[in-house]
Amino acid sequence: MQTVLGINEIKKRLKHRYPFLLIDRVIELVEGESCTALKNITINEALFNGHFPQMPIFPGVLIVEALAQTAGIAGYSLHSDADKDLSYFAGFDNVRFKAPVIPGDQLILKAKFLKKKRNIWFMSGEAFVGDKLVTTAEFTLATVAPPKE
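Structural data, given as C-alpha cells:
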C-alpha cells in the first residue's frame, strides 16, 4: 500500500500525541471529502494490560476515536484555522461494533466528510480488518479556538 501521509505529516494536521494519536499512516486522501488510514494493533499497547488480560480486545471507543481522527485529516483543508483550532467530539450516533479487534490486526479506517455548518462537522466512518467490517459510526465534531492562557 502506498503511503500518502506519513506520521510526520499526520502530526502536522492533528493535535493528538502519544498515547492518543491513533493513526499510523494515511493511504488515500481526497482533501475535503474522504480519507483512508491505517492503525496497527499491537499487544505492546499499555491498554491491553486491563482490556482484557485474558482476552485482549482493542476498545471500541478508540476505534471510533481513530475514525474521527481519520475524518479530521479529510476535513483539514476545509478549515482555515486548522493549525491552531482544536476539534472535540460533539456526538456520535448509529455506532455498531460488528467484530472484535485484537492484537495483530490492522485497522483500515475509512472516513467521509458529510457536511459543515459553521464550526460543526458531520462525518461517517467504517473500520475494517482486511475485508471484514468491524465498526460503523456517524459522528459530529466541533472546532473551537484554544483557551487563552
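Residue numbers for the sequence shown follow the numbering used here, beginning at 5 and rising by one.
For each residue, glycine too, the CB sits at the ideal point set by N, CA and C.
Member of the options whose CA lies at the smallest distance from the CA of residue i
| i | options | result |
| --- | --- | --- |
| threonine 74 | Thr139, Ala149, Lys114 and Glu153 | Lys114 |
| asparagine 44 | Gly129, Asn123 and Pro107 | Pro107 |
| valine 105 | Asp89, Thr46, Ser128 and Ala146 | Thr46 |
| leucine 82 | Val34, Gly129 and Ala141 | Val34 |
| tyrosine 22 | Ala41, Ala50, Ala141 and Arg100 | Ala50 |
| leucine 145 | Asp135, Lys136 and Ala72 | Ala72 |
| aspartate 135 | Lys120, Asp109 and Phe143 | Asp109 |
| aspartate 97 | Lys119, Ala141, Glu130 and Val30 | Ala141 |
| lysine 102 | Asn48, Ile67 and Phe24 | Ile67 |
| proline 63 | Phe24, Ile31, Arg29 and His20 | Phe24 |
| asparagine 48 | Ala41, Cys39, Leu18 and Pro60 | Pro60 |
| arginine 100 | Leu42, Thr7 and Val65 | Val65 |
Secondary structure of residue i, DSSP reduced to three states
| i | result |
| --- | --- |
| threonine 144 | strand |
| arginine 21 | coil |
| asparagine 123 | coil |
| valine 105 | coil |
| isoleucine 61 | coil |
| isoleucine 67 | helix |
| phenylalanine 52 | helix |
| alanine 131 | strand |
| threonine 7 | coil |
| lysine 152 | coil |
| isoleucine 2 | This structure gives no information on residue 2, because the portion of the chain shown stretches from 5 to 153. |
Alpha carbon of residue i to alpha carbon of residue j, nearest angstrom
| i | j | result |
| --- | --- | --- |
| valine 148 | isoleucine 124 | 9 Å |
| valine 138 | glutamine 58 | 21 Å |
| phenylalanine 117 | phenylalanine 56 | 33 Å |
| phenylalanine 52 | phenylalanine 132 | 20 Å |
| proline 150 | glycine 76 | 17 Å |
| aspartate 89 | isoleucine 27 | 19 Å |
| glutamate 32 | leucine 111 | 14 Å |
| serine 128 | lysine 152 | 31 Å |
| lysine 16 | glycine 54 | 31 Å |
| lysine 19 | arginine 29 | 15 Å |
| threonine 7 | cysteine 39 | 12 Å |
| histidine 130 | lysine 121 | Rather than histidine, the amino acid found at residue 130 in this sequence is glutamate. Cα to Cα, the separation comes out at about 22 Å. |
Cβ separation of residue i and residue j, assumed to be a contact under 8 Å, to the nearest whole Å
| i | j | result |
| --- | --- | --- |
| glutamate 37 | alanine 78 | 6 Å |
Check: residue i C-beta below 7 Å from any heavy atom of the ligand MG
| i | result |
| --- | --- |
| phenylalanine 126 | Because no ligand of any kind appears in the structure shown, any question about the ligand MG cannot be addressed here. |
Pairing CB atoms from the stretch 10 to 22 with CB atoms from the stretch 93 to 108, are three or more of them under 8 Å? no
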